[in-house]
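Contents: one structure, followed by commentary.
Protein chains: 2
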Amino acid sequence: MAVSDVKVLGSWPSPFVMRPRIALHVKSVNYEYIEEILLESKSELLLKSNPVFKKVPVLLHGDKPICESLIIVQYIDEVWSSGPSILPSDPYERANSRFWAAYIDEMWFPALRGVLVAESEDAKMAAIAQVKEGLVLLEEAFGKLSQGKPFFGGDQIGYLDIALGSLLVCLQVIEKFSEMKLLTEARTRCLLEWAHRFSSHVAVKDVMPEADKFAEFAVKLRAKILKARATPE
Amino acid sequence: MAVSDVKVLGSWPSPFVMRPRIALHVKSVNYEYIEEILLESKSELLLKSNPVFKKVPVLLHGDKPICESLIIVQYIDEVWSSGPSILPSDPYERANSRFWAAYIDEMWFPALRGVLVAESEDAKMAAIAQVKEGLVLLEEAFGKLSQGKPFFGGDQIGYLDIALGSLLVCLQVIEKFSEMKLLTEARTRCLLEWAHRFSSHVAVKDVMPEADKFAEFAVKLRAKILKARATPE
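Same order as they appear, the protein sequences are chains L and P.
All residue numbers for the first sequence refer to UniProt numbering, where the first residue is 1 and numbers rise by one.
All residue numbers for the second sequence refer to UniProt numbering, where the first residue is 1 and numbers rise by one.
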């Protein structure tokens, strides 16, 4: 399939867009990246490609749209054998990777987002406590899954590295806003070292948003969410 | 592996528990079913097996716990070849099945649950509208994915059949409470016929809760949720 037959519809401030991009880099697949402007109107191409969720990222493989970041990562892993496997080959390890990725998206990320959009100090501190608790769980999971190797996926970046690593920039912004270190040497040393390795990995570093620029976007996003809350339809 | 090496921790009123059970039936795998009493305290075995979410279902395969209903279904499909494949073999069809299953769990089921726990007529009607809209989307998806065959999975019950079919009993209860037919001949004929086929399938019928008994449970669940809302921690 020609280069232009693989496209990613994305938007730079969406951490979820990093996921398919990193997976394509791991597989050495060339693709065209098409930038959507978030917080503004959505393009015809996005609305046509993902009419149900109307969200980035979307992978276009020829005329076939694939939606939802982790579903796209699995698709990329199944279609391209031009690089290391992203999901482990063992079904139990695969189930564990999927489990922790589900934990991250369903529990941990909502807590992280909760810190950003908290309207009271109590709500903010409760969300921060959840984020910290989650990091301790993920530190334990890293110990079990990496088995002394550099990544959750072992020697290579795998599914769970991509799932969690794509959200590191959000964690940095929350640390900045809350003036608090959440990923610490004392509590989560392995994860802290992993975060440095992940962020400087060749498949990752060029798609990781610059932290200050991302923080500016987060301020705008927060204002938009709080405004929407104050003026329900 | 001996029969007793496969166990399902479940609870009859949890529609999600049906998912691994149906998958095991499709694969003709014998298993021990261990009933948890929901709305009461949780067993040591459940807390030990799923310390993160503390929820049923859990599959115990030997000493390995696998959690989250759809992750378990994928695990069963990957481990046992003693029956038809549950996920399609084509990566794009697999991505589509995963996409609609994600839609069901993230958007459609929360709307269905929203009808049950709505505290105003407006909130209830808004949730019912979302449920109906979702059924129309799923009717369209059925047309595309089943390609004229009896199930989403083609000739056999597949991943999406299990994901949606396990929630049919919830839909029936909501129809009963709202005194409104939601799965109708006029709007969703294919899905209505599919629901009959699915519910009477040999892998399904013995694990589908009896509607009246399930409705009684739903009344208790509703009371518990509304009480928890009224008395926050």
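All residues carry an ideal CB built from backbone N, CA and C; glycine is no exception.
Here the structure is a predicted model, which is why all the values come from computation and not from measurement.
Proximity test, Cβ basis, 9 Å: residue i and chain P
{"i": "residue 92(L)", "result": "yes"}
{"i": "residue 98(L)", "result": "yes"}
{"i": "residue 170(L)", "result": "no"}
{"i": "residue 179(L)", "result": "no"}
{"i": "residue 68(L)", "result": "yes"}
{"i": "residue 14(L)", "result": "no"}
{"i": "residue 75(L)", "result": "yes"}
{"i": "residue 201(L)", "result": "no"}
Range covered by the beta strand (DSSP E) that runs through residue i
{"i": "residue 65(L)", "result": "64-67"}
{"i": "residue 239(P)", "result": "Chain P is shown only over 1 to 233; residue 239(P) falls outside these bounds and no answer can be derived."}
{"i": "residue 61(P)", "result": "58-61"}
Exposure label - residue i; buried when at least 16 CB within 10 Å
{"i": "residue 183(L)", "result": "buried"}
{"i": "residue 93(L)", "result": "buried"}
{"i": "residue 81(P)", "result": "exposed"}
{"i": "residue 229(P)", "result": "exposed"}
{"i": "residue 88(P)", "result": "buried"}
{"i": "residue 223(P)", "result": "exposed"}
{"i": "residue 161(L)", "result": "buried"}
{"i": "residue 227(L)", "result": "exposed"}
{"i": "residue 77(P)", "result": "buried"}
{"i": "residue 68(P)", "result": "buried"}
{"i": "residue 225(P)", "result": "exposed"}
{"i": "residue 218(L)", "result": "buried"}
{"i": "residue 7(L)", "result": "buried"}
{"i": "residue 1(P)", "result": "Since pLDDT at residue 1(P) reaches only 47, below the 50 mark, its modelled position is unreliable, and no value is offered."}
{"i": "residue 120(L)", "result": "exposed"}
{"i": "residue 56(L)", "result": "buried"}
{"i": "residue 174(L)", "result": "buried"}
{"i": "residue 49(L)", "result": "buried"}
First through last residue of the alpha helix (DSSP H) which encompasses residue i
{"i": "residue 171(P)", "result": "168-178"}
{"i": "residue 148(L)", "result": "Neither: residue 148(L) is in no alpha helix (DSSP H) and is coded neither H nor E."}
{"i": "residue 10(P)", "result": "Segment 6-10 is the beta strand (DSSP E) holding residue 10(P); no alpha helix (DSSP H) there."}
{"i": "residue 182(P)", "result": "Note, residue 182(P): premise wrong, no alpha helix (DSSP H); not H, not E."}
{"i": "residue 117(L)", "result": "109-117"}
{"i": "residue 201(P)", "result": "Element bounds for residue 201(P): n/a, residue is neither H nor E."}
{"i": "residue 225(P)", "result": "211-230"}
{"i": "residue 80(P)", "result": "Here residue 80(P) belongs to no alpha helix (DSSP H), and DSSP marks it neither H nor E."}
{"i": "residue 18(P)", "result": "15-26"}
Contacts that residue i makes with chain L (C-beta to C-beta distance below 7 Å)
{"i": "residue 103(P)", "result": "52"}
C-beta contact flag for residue i and residue j at 9 Å
{"i": "residue 98(P)", "j": "residue 170(P)", "result": "no"}
{"i": "residue 108(P)", "j": "residue 134(P)", "result": "yes"}
{"i": "residue 281(L)", "j": "residue 32(L)", "result": "Because chain L in this structure spans residues 1 to 233, residue 281(L) falls outside the shown range and cannot be described."}
{"i": "residue 157(P)", "j": "residue 129(P)", "result": "no"}
{"i": "residue 70(P)", "j": "residue 58(P)", "result": "no"}
{"i": "residue 304(L)", "j": "residue 207(L)", "result": "This structure leaves residue 304(L) out entirely; chain L is present only between 1 and 233."}
{"i": "residue 24(P)", "j": "residue 60(P)", "result": "no"}
{"i": "residue 95(P)", "j": "residue 74(L)", "result": "yes"}
{"i": "residue 153(L)", "j": "residue 84(L)", "result": "yes"}
{"i": "residue 139(L)", "j": "residue 197(L)", "result": "no"}
{"i": "residue 246(P)", "j": "residue 213(P)", "result": "Residue 246(P) falls outside the range modelled here, since chain P spans only 1 to 233, and no answer is possible."}
{"i": "residue 104(L)", "j": "residue 167(L)", "result": "yes"}
{"i": "residue 194(L)", "j": "residue 141(L)", "result": "no"}
{"i": "residue 42(P)", "j": "residue 54(P)", "result": "yes"}
{"i": "residue 163(L)", "j": "residue 19(L)", "result": "yes"}
{"i": "residue 115(P)", "j": "residue 102(P)", "result": "no"}
{"i": "residue 15(P)", "j": "residue 150(P)", "result": "no"}
{"i": "residue 111(L)", "j": "residue 131(L)", "result": "yes"}
{"i": "residue 144(L)", "j": "residue 86(L)", "result": "no"}
Contact set between residue i and chain P, taken where Cβ atoms lie within less than 7 Å
{"i": "residue 79(L)", "result": "91"}
{"i": "residue 64(L)", "result": "92"}
Per-residue contacts from residue i into chain L (C-beta, under 8 Å)
{"i": "residue 137(P)", "result": "52"}
Minimum Cβ-Cβ distance from residue i to chain L less than 9 Å
{"i": "residue 1(P)", "result": "Confidence in residue 1(P) is poor, its pLDDT being 47 and thus under 50, which makes the residue's placement too unreliable to answer from."}
{"i": "residue 95(P)", "result": "yes"}
{"i": "residue 86(P)", "result": "no"}
{"i": "residue 130(P)", "result": "no"}
{"i": "residue 72(P)", "result": "yes"}
{"i": "residue 107(P)", "result": "yes"}
{"i": "residue 25(P)", "result": "no"}
{"i": "residue 61(P)", "result": "yes"}
Below-9 Å beta-carbon distance, residue i vs any chain A residue
{"i": "residue 125(L)", "result": "Absent from the structure: chain A. Protein chains present are L and P."}
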